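To convert, take the position in the sequence shown, counting from 1, and add 290; that gives my numbering. Built from N, CA and C at the ideal position, the CB exists for glycine as well. This one's a predicted model, so the numbers in the text were calculated from it and none came from an experiment. Shown next, in structure tokens, is the structure this report addresses.
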Amino acid sequence: MTAKWDFWIDRGGTFTDVIGRDPQGGLHPRKLLSENPEAYADAAIQGIRDLLGLKSGAPIPSGLIGDVKMGTTVATNALLERKGDRVLLLITRGFRDALRIAYQARPDIFAKQIILPEQLNERIVEVDERVRADGSVERLLDIAAMRPAIEQARADGIDAVAIVFMHAWKYPDHEKAVAKVCRKLGFSQISV
Numbered sequence: 291m292t293a294k295w296d297f298w299i300d301r302g303g304t305f306t307d308v309i310g311r312d313p314q315g316g317l318h319p320r321k322l323l324s325e326n327p328e329a330y331a332d333a334a335i336q337g338i339r340d341l342l343g344l345k346s347g348a349p350i351p352s353g354l355i356g357d358v359k360m361g362t363t364v365a366t367n368a369l370l371e372r373k374g375d376r377v378l379l380l381i382t383r384g385f386r387d388a389l390r391i392a393y394q395a396r397p398d399i400f401a402k403q404i405i406l407p408e409q410l411n412e413r414i415v416e417v418d419e420r421v422r423a424d425g426s427v428e429r430l431l432d433i434a435a436m437r438p439a440i441e442q443a444r445a446d447g448i449d450a451v452a453i454v455f456m457h458a459w460k461y462p463d464h465e466k467a468v469a470k471v472c473r474k475l476g477f478s479q480i481s482v
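Here it is, written out as structure tokens:
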């Protein structure tokens, strides 16, 4: 055994479970409300403090900590329950329907009525830009052309934006530039 504590944490929407292993190998479970702002700012950190015998808000001596492993079901639950922020999808012009079409998986190929899954995004804005597979720019980003649609989405109360441009893994500058604009417009959740 080490002379340090190890922690395993599972943060859920309602509860956060913390299991600490003390330096002698003993296991200590702790369950806290995931949200309890009157008592603590962060349930995982508070669970570690509790198991170390520290007061709320007290600094945690890093020398006492070995490993901290944390997982969460919050995002998975939000997807399954269709809860979460309204989302604006910004996508390369011409690919508006790419997520709707997806893989064309049709378990009943002869079905007359095709039932498609509900989209996670509320609105789609196609952005004038294009990057080739080799990372070379085919069409420069036109921020001025897309800005009114993004401003309107923000004015309509959409607070989250997902930016997915073709071949951005090879040339991320267009996504970064659009993310910067979105931050200035006040979007709080920006995914690139």
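Check	Outcome
Whole-angstrom distance between Asp300 and Met360, CA atom to CA atom	6 Å
Own chain partners of Leu379 with C-beta closer than 6 Å, once the 5 adjacent residues on each side are dropped	Asn411, Ile414 and Ala452
Distance CB(Phe305)-CB(Leu323) smaller than 8 Å	yes
Host beta strand (DSSP E) of His464 (start-end)	Element bounds for His464: not the beta strand (DSSP E) but the alpha helix (DSSP H), Asp463 to Leu475.
Straight-line Cα distance separating Glu408 from Gly500	Nothing in the structure corresponds to residue 500, since the chain is present only between 291 and 482.
Beta-carbon proximity check, Val279 vs Gly302, cutoff 8 Å	Because the chain in this structure spans residues 291 to 482, residue 279 falls outside the shown range and cannot be described.
Cβ-heavy atom distance, Asn367 to the ligand FMN, below 7 Å	Ligands are entirely absent from the displayed structure, and the ligand FMN is therefore not among its contents.
Sufficient close CB pairs (3 or more, under 8 Å) joining the region 461-472 to the region 419-430	yes
Best match in Phe455, Ala388 and Ile405 for proximity to Arg422 [C-alpha to C-alpha]	Phe455
Stretch-stretch touch, CB-based, cutoff 8 Å, three pairs: the region 335-355 with the region 433-451	no
Under 8 Å between C-beta atoms of Leu341 and Gly310	yes
Those residues which DSSP pairs with Gln479 across a bridge	Ala450
For Lys321: DSSP bridge partner residues	Asp307
Whole-angstrom distance between Cys472 and Gly447, CA atom to CA atom	13 Å
Bounding residues of the beta strand (DSSP E) (the contiguous stretch that carries Ile355)	Ile355 to Thr362
Delimiting residues of the alpha helix (DSSP H) encompassing Leu341	Ala333 to Leu342
For Thr382, the residue or residues it bridges with in DSSP	Val417
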